[in-house]
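Visitor: Heads up: the protein sequence lines correspond to chains D and P, in order.
One point on numbering: in numbering that gives the first Met the number 0, the residue at position 231 of the first sequence is 230, and numbering is uninterrupted.
One point on numbering: in numbering that gives the first Met the number 0, the residue at position 137 of the second sequence is 136, and numbering is uninterrupted.
The beta-carbon is built from N, C-alpha and C at its ideal position, and this holds for glycine as well.
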Amino acid sequence: MTTGVDTALALHLHEQMVFIRRFEAKVDALYRQGRVRGPAHLGIGQEAVAVGAASVLRPGDRSIGTYRGHAHALARGAPPDAVLRELLGRTGGICAGKGGSMHITSVEHGYYGSYAIIGAHLPIACGLAWADQIRGDDAVTLCFFGDGTTNIGAFHEALNLAAVWSLPVVFVCENNHYMEYTPIADVIAVKQPAADRAAAYGLAPLCVDGNDVDAVRAVIGAAVDRARNGGGPSLVEAETYRHGGHSAADPATYRSTEEVAQWKLRDPLLRHAEQLCASGVSDGDIEAVTTGVAAEIERITVEALAAPSPSADTAWTDMWSDGSSRWRN
Amino acid sequence: MPDLTYRQAVSAGLAQEMARDERVVLLGEDIASGGVFKTTVGLRDRFGPARVRNTPISETAIAGAAMGAAMAGLRPVAEIMFSDFYGVCWDQVAVEMAKARYMTGGQFGLPLVVRGANGGGLGFGAQHSQAVENWALCVPGLKIVSPATPADVVGLLAAAVRDDDPVLVFEHKALYGTKGPVPDGEHVLPLGSAAVLREGDDVTLVALSLTVGLCLAAADRLAAAGVSATVIDLRCLVPLDAATVLASVRRTGHAVIVEENPGQLGWGAGIAAILAEEAFIDLDGPVVRVSGGNIPLPVAAPLEAEVSVSTDRVVAAVSRLLDVPVPAVVSLA
Ligand SMILES: Cc1ncc(C[n+]2csc(CCOP(=O)(O)OP(=O)(O)O)c2C)c(N)n1
Ligand SMILES: [Mg+2]
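#1: Mind pulling the chain D residues with CB within less than 9 Å of residue 100/P?
#2: In chain D, which residues lie less than 7 Å from residue 237/P when you measure between Cβ atoms?
#3: Answer yes or no: does any C-beta atom of chain D fall closer than 8 Å to that of residue 84/P?
#4: What residues come near ligand 2, if near means a beta carbon less than 6 Å from any of its heavy atoms?
#5: Distance cutoff 8 Å, beta carbons only. Does residue 71/D sit that close to anything in chain P?
#6: Assuming residue 170/P and residue 117/P make a contact with CB atoms under 8 Å, what is their CB distance in whole Å?
#7: Is it buried or exposed for residue 182/P, if we count other Cβ within 10 angstroms and need 16 for buried?
#8: What does a CB cutoff of less than 6 Å around residue 322/D pick up in its chain, not counting 5 residues either side in sequence?
#9: Taking C-alpha atoms, which residue in 32/D, 212/D, 34/D and 23/D lies nearest to residue 43/D?
#10: Who are the neighbours of residue 78/D on chain P, taking C-beta pairs under 9 Å?
#11: Kindly confirm or deny that the stretch 126 to 139 of chain P and the stretch 81 to 101 of chain P touch, where touching means at least three C-beta pairs closer than 8 Å.
#12: May I have the straight-line CA-CA distance separating residue 243/D from residue 208/P, to the nearest angstrom?
#13: Name, please, each residue of chain D whose Cβ falls closer than 8 Å to the Cβ of residue 277/P.
#14: Could one say the Cβ of residue 137/D lies closer than 8 Å to chain P's Cβ atoms, at least one of them?
#15: Within its chain, find whatever has a CB closer than 8 Å to the CB of residue 118/D; leave out the 5 residues flanking it on each side and keep chain order.
#16: Please name the residues in the stretch 293 to 314 of chain P whose beta-carbon is closer than 9 Å to at least one beta-carbon of chain D, in chain order.
#17: Taking all protein chains shown into account, do 16 or more other C-beta atoms lie within 10 angstroms of the C-beta of residue 58/D, making it buried, or fewer, making it exposed?
#18: Among residues of its own chain, excluding the 5 on either side of residue 21/D, which ones have a beta-carbon nearer than 7 Å to its beta-carbon?
#19: With 8 Å set as the bound, which would you pick, yes or no: does the beta-carbon of residue 7/D sit closer than that to a beta-carbon of chain P?
#20: Which residue's Cα is closest to the Cα of residue 216/P: 284/P, 81/P, 197/P and 241/P?
#21: Looking at chain D, which residues of the stretch 67 to 97 of chain P have a Cβ within less than 8 Å of any of its Cβ atoms?
#22: Alpha carbon to alpha carbon, how far is residue 318/P from residue 201/P? Give it in angstroms, no decimals.
#23: Is any beta-carbon of chain P found at less than 8 Å from that of residue 353/D?
#24: Rounded to a whole number of angstroms, what is the C-alpha to C-alpha distance between residue 63/D and residue 274/D?
#25: Does any heavy atom of ligand 1 sit closer than 7 Å to the C-beta of residue 298/D?
#26: To the nearest angstrom, how far is the alpha carbon of residue 59/P from that of residue 251/P?
#27: Near residue 195/D, what residues of its chain come up, given a Cβ to Cβ distance below 6 Å and the 5 sequence neighbours on each side ignored?
#28: Please state the DSSP three-state secondary structure of residue 269/P.
#29: Is the distance from the Cβ of residue 395/P to the Cβ of residue 65/P below 8 Å?
#30: What residues from the stretch 39 to 56 of chain P come within 8 Å of chain D, judged by C-beta to C-beta, listed N to C?
#31: How would you write the range of the alpha helix (DSSP H) that residue 133/D sits in, first residue to last?
#32: Assuming residue 308/P and residue 284/P form a contact by the criterion Cβ under 8 Å, report the distance between their Cβ atoms to the nearest whole angstrom.
#33: Would you tell me roughly how many angstroms separate the C-alpha atoms of residue 93/P and residue 128/P, rounded to the nearest one?
#34: Does residue 227/P come out as helix, strand or coil in the three-state DSSP assignment?
#35: Tell me the DSSP bridge mates of residue 171/P?
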């Protein structure tokens with residue numbers, strides 16, 4: 000028997016996951032119509048990590064992620080219409096048309112950006128957390144990255160620095176089992192890309208089922224609490240799977256249909272819907288969430304597609320802190 | 000006006016800014032114990048270990064942590080011990096901090112400084128002697144400062160700390176031991192303002208960092224031979240005070256640009272291009288560059304001298320350009 004508060008929260012998490020799923024599916028469709036400029040790395044199948052993790056944060060907390068970052072921005076509350084406009088290169092884009100899919104950022108909502116060089120943002124996450132540590136603020140930084148990222152130097156430098164400085168940062172490895180086209184198992188000498196390395200930084204090997212939003216909340220929530228209370232960093236490995244290819248352009252023929260089918264049985268949305276039913280939420284209530292989300296996504300899509308392109312001269316702004324791009328007199 | 004060494008000026012400039020603004024924090028390898036070039040002496044004791052933090056040997060983490068801290072409202076100053084090590088963290092410098100503000104539509108500022116020892120002349124060899132301002136000059140989004148005197152170290156370092164954009168400060172390791180007067184009280188210079196150190200009518204010598212002293216010495220020798228030279232210390236490559244250079248060259252009709260880095264694609268090539276495009280009509284001869292050799296720096300003294308810029312080479316270049324014989328100096332050593 001769950002309480003009303005629990006049910007409301009569970010429904011809210013469900014709505015967020017459904018929203019992100021539908022948003023990403025819409026991006027995929029728009030990509031196929033040639034309307035998305037540049038690549039689009041979708042997070043379909045991995046929603047429980049983004050939503051579960053964001054749900055344990057407070058407004059002043061910070062998060063930072065990768066080119067597969069739409070979900071992480073949306074989960075922190077970034078306005079979906081501004082994200083969509085960024086992907087479509089229309090006015091009102093969240094990065095003014097200068098970032099695109101791989102660099103979605105919403106500092107206003109605590110999402111410090113999406114970075115497209117593997118591993119680069121892990122040291123940056125250390126710096127965000129360091130600032131809070133120096134000021135004595137109790138904010139926590141969450142940093143998301145993939146399994147493939149555990150093999151680059153920046154990962155090791157950042158984990159070590161965070162550990163020796165006892166920084167309030169939680170590193171979350173979304174182990175979706177593939178780098179771009181290569182299975183992670185082919186390129187690491189251990190079984191678990193993040194957890195098996197944790198000992199090298201004096202950290203505990205934390206693993207969680209990344210397709211179970213409640214489990215994600217529990218494990219990352221505990222890590223966030225620890226960081227907030229001065230207990231230092233954590234490294235969490237969340238096991239998950241992307242349903243689609245590395246990017247919308249990738250048919251992912253390097254994976255067997257059986258493997259994909261097996262993982263779709265563990266779809267985080269299906270599992271959460273089952274739990275909602277089990278806790279007494281009606282099919283109708285669950286269906287209503289989906290219907291509402293679909294209508295909202297249609298609305299922002301129509302509006303975004305009707306919006307004009309940004310004027311070309313805005314390419315020259317936002318460079319230096321004075322807003323200009325002048326480098327000489 | 001006290002006399003400080005160039006290396007003391009680094010700590011003095013940092014101390015001036017740390018005392019003024021508690022958001023200014025330092026990180027780098029061995030800096031809490033004064034730094035391997037003794038440029039952060041006394042700062043840990045004065046400002047405490049939380050604001051003067053030793054790091055592991057992790058240039059990527061140093062640069063990245065500086066960036067993140069700046070995004071979150073601090074004003075970090077990161078030390079990269081030898082600027083050759085920028086190669087290890089070039090992603091953070093050239094691809095993260097130089098671009099993040101722009102690619103997010105200006106959602107945050109990056110008020111940070113990365114500083115360290117640059118340049119040759121001390122026999123440190125090919126991997127600890129490079130002058131690499133030109134690496135950064137290829138990357139829009141980085142401000143580039145290269146001071147030549149102790150006073151400028153303080154004034155430009157202060158300006159870099161106060162600037163809201165990423166600034167790379169290149170200190171010259173061969174200048175650390177040089178001494179000069181530093182103004183009393185708070186000293187801050189604007190970024191992007193070149194210094195005209197000497198005014199002459201026949202040729203404009205354009206210099207930066209180590210080559211400023213070479214050009215001033217060359218100007219003395221040229222004067223003895225009846226040639227009057229203007230010497231301009233650019234002080235910054237970004238923002239670039241091109242106007243001061245253009246105005247001088249329009250007057251003298253001759254430009255000799257003296258850069259320490261290899262000539263293959265040194266910063267002098269960029270200045271030469273600006274002069275060719277914007278002052279062509281006023282030039283009375285070709286724009287000449289005196290550059291470092293296109294070769295890794297060797298160690299043995301005569302070999303390093305052979306491939307490096309020098310006063311002799313500046314004098315020779317001007318002498319050729321103006322077709323004026325200048326007597327060689329007989330070395331007493
Ligand atoms: C330094 C660097 N090397 C290579 C790439 C190309 N690349 C982009 S995504 C990717 C795979 C990353 O895999 P993982 O960390 O598991 O993240 P996922 O894409 O699975 O979310 C690669 C190799 C890059 N962007 N940066
Ligand atoms: Mg992966």
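Guide: Looking at the coordinates:
#1: 317, 318, 319 and 320
#2: 326
#3: Residue 84/P does not count as touching chain D.
#4: 145/D, 146/D, 147/D, 175/D, 177/D and 178/D
#5: So no, residue 71/D is outside the interface.
#6: 6 Å
#7: exposed
#8: 316
#9: 23/D
#10: Within chain P, no residue comes near residue 78/D; the closest Cβ sits about 13 Å away, beyond 9 Å.
#11: Counting Cβ pairs under 8 Å, three or more are found: they touch.
#12: In a straight line, the C-alpha of residue 243/D is about 54 Å away from that of residue 208/P.
#13: In chain order: nothing, as chain D lies at least about 11 Å away.
#14: no
#15: 144, 148, 151, 152, 153, 154 and 157
#16: none
#17: Its Cβ having fewer than 16 others within 10 Å, residue 58/D is exposed.
#18: 292, 293 and 296
#19: Residue contact with chain P for residue 7/D: absent (no Cβ-Cβ distance below 8 Å to any residue of chain P).
#20: Closest option to residue 216/P, Cα to Cα, is 197/P.
#21: 67, 68, 69, 70, 71, 72, 73, 75, 90, 91, 94 and 95
#22: 11 Å
#23: The requested residue 353/D is not part of the displayed model; chain D covers only 0 to 328.
#24: 29 Å
#25: no
#26: 45 Å
#27: 189
#28: helix
#29: The requested residue 395/P is not part of the displayed model; chain P covers only 0 to 332.
#30: For the stretch 39 to 56 of chain P, which is checked against every Cβ of chain D, the residues closer than 8 Å are 49, 50, 52, 54 and 55.
#31: 120 to 134
#32: No, residue 308/P and residue 284/P are not in contact; Cβ-Cβ is about 20 Å, not under 8 Å.
#33: 20 Å
#34: coil
#35: 117/P
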